[in-house]
Structures are given as C-alpha cells and as structure tokens.
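Participant: In the numbering used here, the protein residues as written are 641 to 698.
Just so you know, even glycine gets a beta-carbon here, dropped at the ideal spot from N, CA and C.
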Amino acid sequence: MTKVEYFLLLVPLITTGISLALEIYTGKLLSVTFFMNLVAFLSMVILNYAILNENKKK
Numbered sequence: 641m642t643k644v645e646y647f648l649l650l651v652p653l654i655t656t657g658i659s660l661a662l663e664i665y666t667g668k669l670l671s672v673t674f675f676m677n678l679v680a681f682l683s684m685v686i687l688n689y690a691i692l693n694e695n696k697k698k
C-alpha cells in the first residue's frame, strides 16, 4: 500500500474517532454526525479496495 492509500484510510478513521470521543464526552452517543462519519469511513474503505484491486490488475 502506498502512503496515499494509508492516508485515505487514516483520515476517516481519525474523524470517526474524534467524533466518537466528543459524543461520549457530551453524552450524545450515536448522533447523526457519528453515522455520517461511519458512512464516510465505510465508503473510503470500499473505495480503497477498489483502487487496490485496479492496481493489482495492471
């Protein structure tokens, strides 16, 4: 995996972690922002696998 792919994986992971920490701190767990970050993270992971598979085919 390249540095770019690691970066793409880390960004949503970090944002999800920060939002989760904030929601636990404020007591508003499983709010809209958490689900939005979760969806963004999952889409990034799927996108990454697609990029990796395309690179392997070449």
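So, is residue 677 buried or exposed, given that buried needs 16 or more other C-beta atoms within 10 angstroms?
Facilitator: In the sequence shown, the residue the question calls residue 677 occupies position 37. Classification of residue 677: buried, given that the 10 Å Cβ count is 16 or more.
Participant: Give the DSSP-derived three-state secondary structure of residue 667 in the structure shown.
Facilitator: Along the sequence shown, read from residue 1 onward, the residue named residue 667 stands at position 27. Residue 667 falls in the coil class under three-state DSSP.
Participant: From the DSSP output, in three-state form, read off residue 655 for me.
Facilitator: Numbered from 1 along the sequence shown, position 15 holds the residue referred to as residue 655. Residue 655 falls in the helix class under three-state DSSP.
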